[in-house]
Amino acid sequence: MISPWKQERIIIHTQRLLRSYQHWTGEILLNFNDTPEEVAEILFYSPFVLVSHGIEPDPIFNYGNQKALKMWELTWEELTQMPSRKTAEPMVQEERDRLLAETTAKGFVKNYQGVRISSSGKRFLIQDVLIWNVLDEQEQYCGQAAVYSKYMYI
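For reference, each letter of the sequence shown is one residue, going 1 to 154 in the UniProt record's numbering.
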């Protein structure tokens with residue numbers, strides 16, 4: 001299988017993630033002056049966790065960098081077939097739904113923290129999470145993304 005970051009649709013998606021992040025926050029997540037392919041590779045191997053999901057009724061992950069795959073103990077294929085809600089335990093689904101609705105309304109939310117769970121059941125607290133709406137090339141809403149680098153296994 002070709003590395004995820006080498007796929008044309010993922011190269012395009014990483015550009016959307018970065019442009020949308022800058023659109024909402026006014027900040028730059030990653031300098032994207034390199035070629036789109038180089039940016040996609042750098043983002044995939046970055047030291048922070050970056051994930052995104054689409055706009056399905058039960059949103060499915062459409063991106064996770066290597067750090068995210070390792071944290072959730074999933075392959076690319078497993079992650080990109082999984083509803084994003086499955087990373088949170090059932091008892092915090094309502095809180096997660098509220099957070100995503102707030103992000104949809106405001107464009108982005110900073111300083112979120114919450115407990116997540118890996119595919120093998122490891123629980124971890126994610127902190128200082130920034131969540132934002134992803135926009136396509138026509139500025140149309142096409143999903144949400146989250147980035148963080150602070151976490152602690154519990």
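Glycine included, C-beta positions come from ideal geometry on N, C-alpha and C.
Where residue i falls: helix, strand or coil (DSSP)
i, result
"residue 91", "helix"
"residue 108", "strand"
"residue 21", "helix"
"residue 122", "coil"
Closest residue to residue i among the options (Cα-Cα distance)
i, options, result
"residue 15", "7, 6, 2, 32", "32"
"residue 116", "41, 28, 70, 92", "92"
Beta-carbon proximity list for residue i, same chain, < 6 Å, skipping 5 on both sides
i, result
"residue 118", "72, 73"
"residue 67", "49"
Nonlocal neighbours in the same chain, by C-beta distance under 8 Å from residue i, ignoring five residues either side
i, result
"residue 43", "5, 14, 17, 18, 30, 50, 65"
"residue 123", "89, 115, 116, 117, 153, 154"
Expected contact under 8 Å - CB spacing of residue i and residue j to nearest Å
i, j, result
"residue 133", "residue 104", "6 Å"
"residue 59", "residue 143", "7 Å"
"residue 108", "residue 130", "6 Å"
"residue 10", "residue 40", "6 Å"
When the Cβ atoms of the segment 137-151 are set against those of the segment 38-51, are three or more pairs found closer than 8 Å? Yes: the two stretches touch, three or more of their Cβ pairs being nearer than 8 Å.
Is it a yes or a no for the segment 131-138 touching the segment 31-45, going by three-plus beta-carbon pairs under 8 Å? Judged by Cβ distances under 8 Å, the segment 131-138 makes no contact with the segment 31-45, as fewer than three pairs qualify.
Is the segment 71-85 touching the segment 103-115, taking contact as three or more C-beta pairs under 8 Å? No, they do not touch.
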